[in-house]
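In the UniProt record's numbering, the protein residues as written are 1 to 55.
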């Protein structure tokens, strides 16, 4: 987890415009949150114990 923040800090320092870097990191963070929530919903749907998540 520490390497992830180091990578973000390195990109922030390297980018000429900080706003573009912040926007890119926010988009990356949003994609990570979205994919993890989709993955957790898929795990809930595919588990045999959950019957409330039927389509």
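Even for Gly, the Cβ is constructed at its ideal location relative to N, Cα and C.
Quick caveat, the model's predicted, so the values are computed rather than measured.
Note that the C-beta distance between residue 25 and residue 8 is below 8 Å.
In this structure, the CA atom of residue 22 is about 25 Å from the CA atom of residue 39.
Annotation for residue 36: the continuous alpha helix (DSSP H) segment containing it runs 18-46.
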